[in-house]
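Numbering (UniProt numbering), first residue to last: 1 to 308. Using N, Cα and C, we set each Cβ at its ideal position, and we do this for glycine too. To start, the structure under review is shown below, and the notes come after it.
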């Protein structure tokens with residue numbers, strides 16, 4: 001008789017059929033297989049391995065079904081997953097197959113999300129918008145006109161905010177990689193805190209802030225700000241662009257790095273935090289693995305963040 005813990009995976013393997021091939025416009029396929037800079041090359045080998053573990057751990061698909069979709073046999077897959085480092089396994093077919101799979105999956109999710117937003121637009125939404133406009137009109141009549149001093153204060157804040165953004169933009173960041181990106185050493189919760197503090201000062205509007213980040217979509221920022229957790233939102237473009245923005249501001253203001261920042265630099269190494277969303281469990285496992293690596297390399301060297 002089969003043990004209980006073996007029954008559920010077997011049932012899942014029979015029930016979870018491989019998904020239908022994802023359909024994409026021709027221009028997307030051309031970009032995906034661009035010989036110079038294909039879209040799926042956005043992730044390193046280490047990134048892909050972590051994405052595979054996270055995906056299979058979510059039980060959305062069995063390992064056998066996943067290997068069938070990416071057209072890779074089990075032996076090549078096992079060799080690829082046993083490797084370590086960002087570039088180890090670049091020539092293994094598992095890397096390309098899985099990277100293309102996750103690239104197409106992201107594109108499909110974006111397409112489905114856009115379709116849902118379109119479908120949710122209905123007459124009830126229009127009626128709600130009409131009621132909102134009427135309320136705003138009534139409130140506008142009740143609201144007294146701002147005084148001259150209030151107008152001058154608002155104008156001064158706007159002028160100061162634009163000047164601050166101009167000075168921040170002029171700051172050159174060190175440690176840029178070949179893609180013009182800087183490694184991130186603040187976790188997602190810390191970046192969210194900095195965004196709330198900065199916008200709370202009232203120097204710039206949220207729209208102006210998004211443009212300063214590099215025209216980040218307002219929906220992306222809203223989704224990022226709604227999350228909670230050190231690694232929640234790491235795949236969102238607002239995370240990395242906001243870190244770069246506040247790193248420039250820190251340099252401009254002449255502020256020293258905090259103890260937590262120095263600790264993150266030591267623990268995460270030159271690549272910074274991972275470039276995609278992973279569970280807290282995966283983050284803990286990664287940190288423990290990083291600690292062991294540093295203990296082997298250091299043998300007697302002390303952490304910079306532990307210095308008094």
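Residue of the options minimising C-alpha distance to residue i
i: residue 327; options: 82, 214, 90, 234; result: In this structure the chain extends from 1 to 308, so residue 327 is not present and cannot be described.
i: residue 204; options: 162, 219, 215; result: 162
i: residue 184; options: 172, 120, 271, 267; result: 271
i: residue 95; options: 269, 107, 110, 71; result: 71
i: residue 231; options: 275, 258, 209; result: 275
i: residue 49; options: 86, 59, 65; result: 86
i: residue 341; options: 97, 52, 132, 200; result: Given a span of 1 to 308 for the chain in the structure shown, any question on residue 341 remains unanswerable.
i: residue 243; options: 273, 110, 79, 115; result: 273
i: residue 241; options: 256, 257, 216; result: 216
i: residue 64; options: 58, 74, 57; result: 74
i: residue 226; options: 245, 201, 191; result: 191
i: residue 239; options: 256, 181, 102, 114; result: 181
i: residue 196; options: 214, 246, 174; result: 246
i: residue 101; options: 40, 116, 254; result: 40
i: residue 99; options: 66, 259, 138; result: 66
i: residue 42; options: 130, 103, 114, 68; result: 103
i: residue 214; options: 258, 257, 165, 68; result: 165
Residue i (DSSP reduced to helix, strand or coil)
i: residue 48; result: helix
i: residue 295; result: helix
i: residue 176; result: coil
i: residue 274; result: coil
i: residue 77; result: helix
i: residue 115; result: helix
i: residue 165; result: helix
i: residue 92; result: coil
i: residue 43; result: coil
i: residue 58; result: coil
i: residue 69; result: helix
i: residue 109; result: helix
i: residue 205; result: coil
i: residue 131; result: helix
i: residue 126; result: helix
i: residue 171; result: coil
i: residue 138; result: helix
i: residue 85; result: coil
i: residue 213; result: coil
i: residue 181; result: coil
Own chain partners of residue i with C-beta closer than 7 Å, once the 5 adjacent residues on each side are dropped
i: residue 236; result: 220, 223, 224
i: residue 199; result: 206, 209
i: residue 171; result: 248, 251, 252
i: residue 57; result: none
i: residue 92; result: 76, 79, 80
Endpoints, alpha helix (DSSP H) assigned at residue i
i: residue 240; result: 237–253
i: residue 222; result: 218–226
i: residue 191; result: 188–200
i: residue 230; result: That residue, residue 230, is in no alpha helix (DSSP H); it is neither H nor E in DSSP.
i: residue 264; result: 259–268
Same chain only: Cβ atoms within 8 Å of residue i, ignoring 5 sequence neighbours per side
i: residue 44; result: 86, 87
i: residue 261; result: 185, 186
i: residue 47; result: 86, 274, 275, 276
i: residue 167; result: 252
i: residue 228; result: 189
i: residue 109; result: none
i: residue 160; result: 203
Neighbourhood of residue i by C-beta, 6 Å cutoff - its chain only, sequence neighbours within 5 removed
i: residue 55; result: none
i: residue 265; result: 185
i: residue 89; result: 45, 80, 83, 95
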